[in-house]
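Colleague:
Number of protein chains: 2
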Amino acid sequence: MNASLAPKEGKPLYSLLMQKLLKKMASSMKPDERLPAEREISLQYGVSRATVRQALAALERMGRIYRVQGRGTFVSPQKVHQGLPGFYSFSTAMKKLGKTPLSLVLSFSEREAEEYLAEKLKVHPGLPIYQILRLRLADNEPMLLETSYLPVERFPGLTKQALEESTMYRLFRSRYGVEINHAIEAFQSVQTDARTAQYLGMSRAVPSLRIERFTYERGRIIEYTESFARGDQFVYTVRLEPSAKEEFS
Amino acid sequence: MNASLAPKEGKPLYSLLMQKLLKKMASSMKPDERLPAEREISLQYGVSRATVRQALAALERMGRIYRVQGRGTFVSPQKVHQGLPGFYSFSTAMKKLGKTPLSLVLSFSEREAEEYLAEKLKVHPGLPIYQILRLRLADNEPMLLETSYLPVERFPGLTKQALEESTMYRLFRSRYGVEINHAIEAFQSVQTDARTAQYLGMSRAVPSLRIERFTYERGRIIEYTESFARGDQFVYTVRLEPSAKEEFS
DNA sequence: AGATGTAAGTGGTACGTACCAATTTGGAGA
DNA sequence: TCTCCAAATTGGTACGTACCACTTACATCT
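Here it is, written out as structure tokens:
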């Protein structure tokens, strides 16, 4: 089925191959079914084995395939948890659940980082910081109360309007060329405080999930967000992968 | 400084190079300092550039370095969140905090998966399952109440004693040759139930963090664990990486 | 028929080469 | 002095080759 890769320019070859393989798996393969051998794929698509391996490695990291030495490469089962975004995005998560996301910017201000905040962002106290308070809703139901802190120097000219018209991460990419490296998130179960209870329209008897997120670009924190979610409606899911570190234990 | 790699057999070359580079960064480099160019490392250690890139890719995934096309490779700053295990291990996490971990196996039994559990584990109802109830303590303070479910067929001959003598993940590796592919975790803030309150020695007024973990091997669930942690003492931290998926949006 | 060992097939590691893309550097020119 | 462009440097992509480690299938021997 010599399907030579499309001449779609701009994207690297291994990325195009990934798309081809994803499509093939989705349309005509079952869980645990074996994919062609690497050398076979190499021939079929007219690319080198190194390129095939690069594509397969990415698919493996996405959890779409698994590889066993000596046996082959196989389609991962378990559709349920599949397609979990590596990074949490309220908008996309809600869309996947068939709900309509809405984001209200309650306040937008610029301030200087006091000691506590400077500590969180790992910057010098006094550095100008945006503070953004947002209420996230799904089908008009309040779900999350988020306070984000961004260094002004990394996002010059950011306005409340821009945030209301787009999503934060889309702005990051399109307007500021942000390339996120990784993020750290911390979860804690807490009693609901008065303000959160009011905004989320819930009783203080219901506990809240406190989520802190540190987003890194080039080893530097470019976003710190503290969120509160209502415990009775919100389940937060993440996907973990073994860090190569385990080899050194 | 031609430091030819040790003749340490058994481990692949790129892995040895990783160790060398980690040691070098820890001992003589500062955050944001540039590492030698890939071609330079290749010469210094007498390995091919492909091997160097394999080692650097792994270090990048670990968050220890970051790379910028045209500029170079740099040491990541932010020691604080560094060394976060990709997978959560109560034992290692507590040791890092300087606390002494202890694990009590409260009960160990074999049963058949009823519908609810079969759903969670994605197996057929009726399949034999181990049920393990454990209390995890740090410095003799109860921290976590865990209930784990494992398919018997994957862990034949598992005993309560074995679990008490080792840690679960160590057993997985050494005795059953488990190769974890990835894990999914779900967090939820809940009101503390009576049993949890009793075991953890806390008031029911304090909320709990409910953690579900699904551990995958070769695309199949080999462990489902439901944990409850006391909200006033427990912060759960994870590291997220962008899945290659973002390229397809 | 069963046990055994060999060959074939698969992914894993490692080498080398070439060129592309982004960034920095420094010299030529205004 | 400043601006601009070319060269050098760096990581990114892609090719090819060779061999190793592990698994499976099959032929051979007992």
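Chains F and L, in that order, are what the protein sequence lines are.
Residue numbers for the first sequence follow the numbering used here, beginning at 60 and rising by one.
Residue numbers for the second sequence follow the numbering used here, beginning at 60 and rising by one.
All residues carry an ideal CB built from backbone N, CA and C; glycine is no exception.
Please report the distance separating the alpha-carbon of F:L222 from that of L:L192.
Modeller: 47 Å
Colleague: Measure the CB-CB distance between L:Y39 and L:N240 and report whether it falls below 8 Å.
Modeller: Lying outside 60 to 308, the shown extent of chain L, residue 39 of chain L is not represented and no answer is given.
Colleague: Taking only the alpha-carbon atoms, compute the straight-line gap between F:R108 and L:R112 and give it to the nearest angstrom.
Modeller: 17 Å
Colleague: What are the residues in the segment 236-254 of chain L lying within 7 Å of chain F by C-beta distance?
Modeller: Residues I239, N240, H241, A242, I243, E244, A245, F246, Q247, S248, V249 and Q250.
Colleague: Report all residues from its chain with a CB closer than 6 Å to the CB of F:M84; omit the five preceding and five following residues, and keep chain order.
Modeller: V134
Colleague: Please report the distance separating the alpha-carbon of L:L203 from that of L:T296.
Modeller: For L:L203 and L:T296, the distance between alpha carbons rounds to 15 Å.
Colleague: Under the three-state reduction of DSSP, which class applies to F:I309: helix, strand or coil?
Modeller: Residue 309 of chain F lies beyond the stretch modelled for chain F, which goes from 60 to 308, so this question has no answer here.
Colleague: Measuring alpha carbon to alpha carbon, tell me which residue in L:S74, L:M121, L:Y125 and L:K70 is nearest L:P95.
Modeller: Per the Cα distances, L:Y125.
Colleague: Going by DSSP in three states, L:M88 sits in which element: helix, strand or coil?
Modeller: Looking at L:M88 - three-state DSSP - the assignment turns out to be coil, as it is neither helix nor strand.
Colleague: Give me, in chain order, the residues of the same chain whose beta-carbon lies closer than 6 Å to that of F:V249; leave out the 5 immediate sequence neighbours on both sides.
Modeller: S267 and R269
Colleague: Near L:E205, which residues of its chain fall below 7 Å by C-beta distance, leaving aside the five closest residues on each side in sequence?
Modeller: R193, R195, T284 and S286
Colleague: Quick check: what's the CA-CA separation for L:S225 versus L:T255?
Modeller: Computed Cα separation, rounded: 24 Å.
Colleague: Taking a contact to mean a Cβ-Cβ separation below 8 Å, would you say F:A245 touches L:V265 in this structure?
Modeller: no
Colleague: Just to check my reading of the structure: L:L259 and L:P201 have Cβ atoms closer than 8 Å, yes? What is that Cβ distance to the nearest angstrom?
Modeller: 5 Å
Colleague: Report the CB separation of F:E171 from F:L161 in whole angstroms; it is logged as a contact under 8 Å.
Modeller: Contact flag wrong, Cβ pair sits at about 31 Å.
Colleague: Going by DSSP, name the residue or residues bridged to F:A116.
Modeller: None, per the DSSP bridge assignment.
Colleague: Could you tell me whether any non-hydrogen atom of the ligand SAH is closer than 7 Å to the CB of F:E276?
Modeller: In terms of ligand content, the structure shown is empty, and the ligand SAH therefore cannot be addressed.
Colleague: Given that F:F133 touches chain L, what residues does it touch there, using C-beta distances under 8 Å?
Modeller: R277 and G278
Colleague: Cα-Cα, which of L:D91, L:Y189 and L:A253 is closest to L:R130?
Modeller: L:D91
Colleague: Name the DSSP beta bridge partners of F:L299, please?
Modeller: DSSP lists L:A242 as partners of F:L299.
Colleague: With a cut-off of 8 Å, does the C-beta of F:L299 fall near any C-beta of chain L?
Modeller: yes
Colleague: For L:Y175, tell me which candidate among L:K82, L:D198, L:F167 and L:I188 has the shortest Cα-Cα distance.
Modeller: L:I188
Colleague: Do the CB positions of F:V127 and L:R232 come within less than 8 Å of each other?
Modeller: With a cutoff of 8 Å on beta-carbon distance, F:V127 and L:R232 are scored as not near each other.
Colleague: Check F:Q190 in the structure and name its three-state DSSP category.
Modeller: strand
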